[in-house]
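**Student:**
Number of protein chains: 4
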Amino acid sequence: MRQLLDAGVEVFAAKGYFAARVDDIVKLAKTSHGTFYLYFSNKEDLFRALAAEVSDEMQTLAESLGPLVPGPAGQESLHEWISRFADLYDRFGPVIRAWTEAEIGSHEFGRLGNDVMVRFTRVLTIRIEQAAPPDLDPTIAALALVAMFERLNYYALAGQVRARRDEIVDTLALVTQRAVFGAGGAADAPRSLR
Amino acid sequence: MRQLLDAGVEVFAAKGYFAARVDDIVKLAKTSHGTFYLYFSNKEDLFRALAAEVSDEMQTLAESLGPLVPGPAGQESLHEWISRFADLYDRFGPVIRAWTEAEIGSHEFGRLGNDVMVRFTRVLTIRIEQAAPPDLDPTIAALALVAMFERLNYYALAGQVRARRDEIVDTLALVTQRAVFGAGGAADAPRSLR
Amino acid sequence: MRQLLDAGVEVFAAKGYFAARVDDIVKLAKTSHGTFYLYFSNKEDLFRALAAEVSDEMQTLAESLGPLVPGPAGQESLHEWISRFADLYDRFGPVIRAWTEAEIGSHEFGRLGNDVMVRFTRVLTIRIEQAAPPDLDPTIAALALVAMFERLNYYALAGQVRARRDEIVDTLALVTQRAVFGAGGAADAPRSLR
Amino acid sequence: MRQLLDAGVEVFAAKGYFAARVDDIVKLAKTSHGTFYLYFSNKEDLFRALAAEVSDEMQTLAESLGPLVPGPAGQESLHEWISRFADLYDRFGPVIRAWTEAEIGSHEFGRLGNDVMVRFTRVLTIRIEQAAPPDLDPTIAALALVAMFERLNYYALAGQVRARRDEIVDTLALVTQRAVFGAGGAADAPRSLR
DNA sequence: TATGAATGAGATTTCATTCAT
DNA sequence: AATGAATGAAATCTCATTCAT
């Protein structure tokens with residue numbers, strides 16, 4: 060069963076949700092069709108199990124976001140959090156990708172994907188409200204930033220970004236910090252010492 | 060043929076690339092399977108035609124981005140440009156969504172999708188370089204911001220965002236302006252001069 | 060489509076409902092699986108179509124039963140009607156057999172089969188009531204006689220009866236006539252002339 | 060093993076021979092697939108064992124049919140015998156039903172089912188010959204009456220007959236008596252002497 | 001040009017049966 | 001004796017594509 064889940068991750072990663080064949084999965088897991096249907100009632104069922112695993116890890120990560128604070132300390136902790144987001148995306152990105160795909164036309168998956176995103180957004184919204192940046196709607200800004208995190212990591216995973224991993228995390232942390240605190244709160248704060 | 064293309068947009072929007080059936084498209088277009096294959100050699104071919112249309116419009120939009128300038132004037136023109144991006148997404152978002160889906164496991168589509176994104180990123184990269192913000196890698200920042208534009212509009216289109224359209228555009232413009240110029244260059248800067 | 064229905068009759072006859080394979084039917088009809096599913100959504104659907112045809116013919120036959128009258132004339136017309144019942148059974152017996160089989164565990168078919176039987180029983184009940192035989196419950200007697208008609212023809216079709224067709228019809232008519240009118244009304248009435 | 064046989068009766072009753080799954084049987088018997096194949100070599104084998112049990116009881120019942128005699132006494136003993144037939148059908152009807160189904164396309168079962176019916180028919184044939192009714196072919200009449208017994212009980216078991224059990228037995232006995240002896244020999248004859 | 005019935009390759013799914021424990 | 005996870009052959013069903021009209 061673990062083998063089937065693992066094979067699922069790999070096949071969904073390579074072919075996407077729809078193009079993935081049950082046959083591909085069982086071949087990779089070195090089992091039979093019969094065994095597949097012993098544990099899962101169909102492809103969607105296996106995917107749901109995978110998605111639930113991811114969803115759990117995502118929830119944990121979302122809740123670990125601490126308060127946003129200006130200056131280098133805040134930048135540092137934000138950097139650390141985004142870095143963990145990127146780690147998770149590395150591991151489960153293929154599933155998340157397939158998820159996005161499966162969402163279309165499936166309310167079931169739409170809700171699941173939505174839940175995860177909403178969780179991230181909710182936490183970030185609270186942190187933005189606490190930081191009380193001028194002129195920034197906390198909810199929409201949180202959505203925009205979560206969208207940015209997710210999509211840039213997606214691009215990176217898909218090999219469409221020619222950049223080192225830490226450069227990507229740096230940039231995401233910097234844009235976020237600046238969006239919330241303006242230049243004064245971001246890493247370039249030292250400039251104010253000039 | 061126009062009817063087939065239009066039906067294609069609708070069906071791909073509703074079901075995604077893989078789940079869309081030729082039968083759905085011809086039924087919606089009120090023609091026959093025979094006619095479909097008269098104009099397109101297969102499902103992929105119709106999709107490519109659709110994608111090319113979108114790509115053209117996207118290219119035109121990308122190139123219309125003017126220099127990034129600090130202060131209210133820059134904010135204003137950025138707002139206007141992002142607004143047009145959102146308009147385009149409203150019209151072609153479904154195709155772009157399906158596109159992303161078809162990309163997985165298809166180098167053909169991967170290249171197409173990549174091209175469009177690269178075009179946007181290239182123009183924005185140049186504009187960021189010209190604005191020369193400290194500590195911001197122009198290429199990665201451009202990618203991050205394009206990712207944010209794309210994904211937030213995607214969420215909005217999918218009905219996952221409870222916000223007015225102009226609020227979304229406002230937020231995207233503000234985050235972008237601040238990312239490039241810091242708080243001093245954003246729209247709220249003038250307020251400090253009051 | 061006609062070919063599929065005809066092939067269906069033959070395959071259901073040979074193998075019964077459950078053992079019949081869609082593959083058997085399409086091979087016999089010299090078409091493809093695709094064609095089968097173009098006209099019918101599954102095996103049950105084709106069977107339903109067949110059953111509806113039979114049901115219609117049965118209804119017509121049921122309603123053609125005239126009043127039961129004692130003596131040779133009544134015996135004659137009853138004989139004629141049972142003979143037509145046997146003809147119908149010859150033609151559609153295989154479907155009726157499969158029907159009986161499909162009934163088990165399927166309310167759908169149960170109802171259909173029941174309908175046909177009920178129709179026969181209703182008509183015969185009315186005729187028995189009109190003949191007003193002493194001590195015979197018209198409804199139950201009608202059911203018993205219909206059961207006998209059906210089952211004996213079934214046995215005959217299954218090759219379990221070594222008897223000429225007219226001998227079978229004779230016996231059924233005689234038993235029916237006697238059940239309703241006693242010996243006095245049946246074909247042996249002439250005995251009373253002795 | 061007894062549990063498997065009992066579970067078999069229930070499952071075959073509910074689903075019929077073909078639709079019954081070994082899994083249904085072992086689940087109901089609260090054992091495992093392994094155990095099933097320890098006692099029976101396959102589904103057919105279990106069914107054959109069940110059928111043999113039924114066949115034995117049927118044989119015993121068939122042989123207990125005494126001579127057919129006219130008048131109330133004959134009517135009485137016939138009534139009693141048919142009543143025992145109905146009892147047996149109550150207990151084993153489901154198996155007999157499944158049997159009939161399995162017969163189609165299976166010579167093995169065909170022979171078994173045929174044997175049971177033939178036994179009944181043979182005994183009844185002898186009794187009819189002894190009663191020597193005019194104009195009635197003993198063999199065919201016996202078949203017709205056995206068909207009636209079987210099928211009406213089947214209908215009753217399937218819940219398609221709205222009648223008390225003794226009304227059904229009454230009617231079957233009456234029709235049989237009249238078929239053999241005419242009205243003069245049936246139970247209502249004595250009434251005319253009053 | 002336009003049609004749509006027909007196709008069949010390939011996918012999904014079921015379930016009787018086996019076998020290592 | 002008993003188990004039940006694993007199997008795979010055989011069934012069902014789908015849908016992109018063709019082709020005679």
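Chains as they are written, first to last, in our numbering: chain S, 60 to 253; chain B, 60 to 253; chain U, 60 to 253; chain R, 60 to 253. Don't be surprised by glycine CBs; every beta carbon is placed ideally from N, CA and C.
Buried or exposed for B:A79, going by 16 or more other Cβ atoms inside 10 Å?
**Tutor:** What you label residue 79 of chain B is simply residue 20 of the second sequence in a count that begins at 1. It is buried - the Cβ of B:A79 has at least 16 other Cβ atoms within 10 Å.
**Student:** Quick check: the stretch 75-89 of chain R against the stretch 143-152 of chain R, are there 3 or more CB pairs under 8 Å?
**Tutor:** Flag = no, the stretch 75-89 of chain R and the stretch 143-152 of chain R do not touch.
**Student:** Does U:L211 have its Cβ less than 7 Å from a Cβ in chain R?
**Tutor:** The count along the third sequence starts at 1 and reaches residue 211 of chain U at position 152. For U:L211, the answer is yes, since a Cβ of chain R falls inside 7 Å of its Cβ.
**Student:** By how many angstroms is the C-alpha of B:A222 removed from the C-alpha of B:F77?
**Tutor:** The residue labelled residue 77 of chain B in the question sits at position 18 within the second sequence. The residue labelled residue 222 of chain B in the question sits at position 163 within the second sequence. When rounded, the distance between both Cα atoms is 31 Å.
**Student:** Taking only runs of the alpha helix (DSSP H) that begin and end inside the stretch 103-167 of chain S, which ones reach a length of at least 4 residues, in chain order?
**Tutor:** With a minimum length of 4 residues, the continuous alpha helix (DSSP H) runs that stay inside the stretch 103-167 of chain S are 130-162.
**Student:** Please list the segments of the alpha helix (DSSP H) lying wholly inside the stretch 208-243 of chain B, counting only runs of 4 or more residues, in order along the chain.
**Tutor:** If we require 4 residues or more, the alpha helix (DSSP H) runs fully inside the stretch 208-243 of chain B come out as 224-240.
**Student:** Between R:I199 and chain U, is the shortest Cβ-Cβ distance under 7 Å, so that the two count as touching?
**Tutor:** Start at 1 with the first residue of the fourth sequence, and residue 199 of chain R comes out as number 140. Yes - at least one Cβ of chain U is within 7 Å of the one on R:I199.
**Student:** Taking all protein chains shown into account, decide if B:L255 is buried (16 or more other Cβ within 10 angstroms of its Cβ) or exposed.
**Tutor:** Because chain B here runs from 60 to 253, residue 255 of chain B falls outside it and cannot be looked at.
**Student:** In the structure shown, what three-state DSSP assignment does R:D247 receive?
**Tutor:** The count along the fourth sequence starts at 1 and reaches residue 247 of chain R at position 188. Confidence in R:D247 is poor, its pLDDT being 45 and thus under 50, which makes the residue's placement too unreliable to answer from.
**Student:** Below 8 Å on the Cβ atoms is my contact criterion, and I expect R:R186 with R:L127 to pass it. Report the Cβ-Cβ distance as a whole number of Å.
**Tutor:** Residue 186 of chain R sits at position 127 when you count from the first residue of the fourth sequence. Residue 127 of chain R sits at position 68 when you count from the first residue of the fourth sequence. Right, the Cβ-Cβ distance comes to about 5 Å (below 8 Å), so this counts as a contact.
**Student:** Work out the CA separation of U:E226 and R:D229 for me, nearest whole Å.
**Tutor:** Translated into positions along the fourth sequence, residue 229 of chain R becomes position 170. Translated into positions along the third sequence, residue 226 of chain U becomes position 167. Each residue's Cα considered, the two are about 27 Å apart.
**Student:** Classify S:A88 as helix, strand or coil using the three-state DSSP reduction.
**Tutor:** As a first step, residue 88 of chain S must be located in the first sequence, where it is residue number 29. S:A88 falls in the coil class under three-state DSSP.
**Student:** Would R:L202 pass as an interface residue toward chain U - the criterion being a Cβ-Cβ separation below 7 Å?
**Tutor:** Taking the first residue of the fourth sequence as position 1, residue 202 of chain R is located at position 143. With 7 Å as the cut-off, R:L202 counts as an interface residue toward chain U.
**Student:** Just to confirm, is the Cβ distance from U:V205 to U:T180 under 7 Å?
**Tutor:** What you label residue 205 of chain U is simply residue 146 of the third sequence in a count that begins at 1. What you label residue 180 of chain U is simply residue 121 of the third sequence in a count that begins at 1. Yes, these two residues count as a Cβ contact at 7 Å.
**Student:** Within 7 Å (strictly less), CB to CB, does S:N173 reach chain B?
**Tutor:** As a first step, residue 173 of chain S is located in the first sequence; it is residue number 114 there, counting from the start. Judged by the 7 Å Cβ criterion, S:N173 is in contact with chain B.
**Student:** Quick test of your reading: R:G75 and U:E209, contact by CB under 8 Å. State the CB separation rounded to the nearest angstrom.
**Tutor:** Locating residue 75 of chain R in the fourth sequence gives position 16, counting from the first residue. Locating residue 209 of chain U in the third sequence gives position 150, counting from the first residue. Rounded, the Cβ-Cβ distance is 18 Å, inconsistent with contact.
**Student:** Taking 7 Å as the cut-off, decide whether the C-beta atoms of B:G125 and B:S136 are in contact.
**Tutor:** One-based indexing of the second sequence puts residue 125 of chain B at position 66. One-based indexing of the second sequence puts residue 136 of chain B at position 77. Contact flag set, yes.
**Student:** Can the beta-carbon of U:Q219 be found closer than 7 Å to that of R:N101?
**Tutor:** Working through the third sequence from its first residue, we reach residue 219 of chain U at position 160. Working through the fourth sequence from its first residue, we reach residue 101 of chain R at position 42. No, these two residues do not count as a Cβ contact at 7 Å.
**Student:** Could you pull the start and end residues of the alpha helix (DSSP H) that R:D65 belongs to?
**Tutor:** Here residue 65 of chain R is taken as the residue at index 6 of the fourth sequence, counted from 1. Where R:D65 is concerned, the enclosing alpha helix (DSSP H) stretches over 61-78.
**Student:** Quick check: what's the CA-CA separation for S:A215 versus B:A200?
**Tutor:** The residue given as residue 215 of chain S occupies position 156 in the first sequence. The residue given as residue 200 of chain B occupies position 141 in the second sequence. Roughly 13 Å separates the two Cα atoms.
**Student:** So, is B:Q189 buried or exposed, given that buried needs 16 or more other C-beta atoms within 10 angstroms?
**Tutor:** Here residue 189 of chain B corresponds to residue number 130 of the second sequence, with the count starting at 1. Classification of B:Q189: exposed, given that the 10 Å Cβ count is below 16.
**Student:** So, under 8 Å CB-CB, U:D146 and R:L233 are touching, yes? Tell me the CB distance rounded to an integer number of Å.
**Tutor:** Along the third sequence, read from residue 1 onward, the residue named residue 146 of chain U stands at position 87. Along the fourth sequence, read from residue 1 onward, the residue named residue 233 of chain R stands at position 174. About 29 Å; that fails the 8 Å criterion.
**Student:** Excluding five sequence neighbours on each side, which residues of the same chain lie with their C-beta closer than 6 Å to the C-beta of U:W140?
**Tutor:** In the third sequence, the residue the question calls residue 140 of chain U occupies position 81. Result list for U:W140: L124, in chain order.
**Student:** Please check if any C-beta of chain R sits within less than 7 Å of the C-beta of U:M117.
**Tutor:** If you number the third sequence from 1, residue 117 of chain U lands on position 58. So no, U:M117 is outside the interface.
**Student:** Please determine, among R:Q134, R:P197, R:A111, the residue with the shortest C-alpha to C-alpha distance to R:W158.
**Tutor:** Start at 1 with the first residue of the fourth sequence, and residue 158 of chain R comes out as number 99. For the residues R:Q134, R:P197, R:A111, the minimum Cα distance to R:W158 belongs to R:A111.
**Student:** So, is the C-beta of U:G93 closer than 7 Å to a C-beta in chain R?
**Tutor:** Position 34 of the third sequence holds residue 93 of chain U. So, not an interface residue.
**Student:** Let me know if U:R156 comes out buried or exposed under the rule of 16 or more other beta-carbons within 10 Å of its beta-carbon.
**Tutor:** Translated into the one-based positions of the third sequence, residue 156 of chain U becomes position 97. Looking at its Cβ environment, which holds 16 or more other Cβ atoms inside 10 Å, U:R156 is buried.
**Student:** Can you say whether R:S91 is buried or exposed, counting buried as having 16 or more other CB atoms within 10 angstroms of its CB?
**Tutor:** Translated into positions along the fourth sequence, residue 91 of chain R becomes position 32. That one is exposed.
**Student:** Are the beta-carbon atoms belonging to R:G241 and U:R237 less than 7 Å from one another?
**Tutor:** Here residue 241 of chain R refers to the residue found at position 182 of the fourth sequence. Here residue 237 of chain U refers to the residue found at position 178 of the third sequence. A contact, by the Cβ cut-off of 7 Å.
**Student:** Please compile the residues from chain R whose C-beta is within a distance smaller than 9 Å of the C-beta of U:L137.
**Tutor:** Position 78 of the third sequence, counted from the first residue, corresponds to residue 137 of chain U. Here the premise fails: no neighbours, minimum Cβ distance about 14 Å.
**Student:** Is it true that the CB of R:M176 sits closer than 7 Å to the CB of U:A203?
**Tutor:** The count along the third sequence starts at 1 and reaches residue 203 of chain U at position 144. The count along the fourth sequence starts at 1 and reaches residue 176 of chain R at position 117. Their beta carbons are not under 7 Å apart, which means U:A203 does not touch R:M176 by this criterion.
**Student:** Output, in sequence order along the chain, the residues in the stretch 68-101 of chain B whose CB is closer than 7 Å to any CB in chain S.
**Tutor:** Answer set for the stretch 68-101 of chain B: A73, K74, G75, F77, A78.
**Student:** Helix, strand or coil: how does DSSP classify U:D174 here?
**Tutor:** Position 115 of the third sequence, counted from the start, is the residue given in the question as residue 174 of chain U. In this structure, U:D174 counts as helix in the three-state DSSP scheme.
**Student:** Is the beta carbon of S:P192 closer than 7 Å to that of S:V239?
**Tutor:** Taking the first sequence and counting its residues from 1, one reaches residue 239 of chain S at position 180. Taking the first sequence and counting its residues from 1, one reaches residue 192 of chain S at position 133. Yes, the pair counts as a contact, with Cβ atoms nearer than the cut-off.
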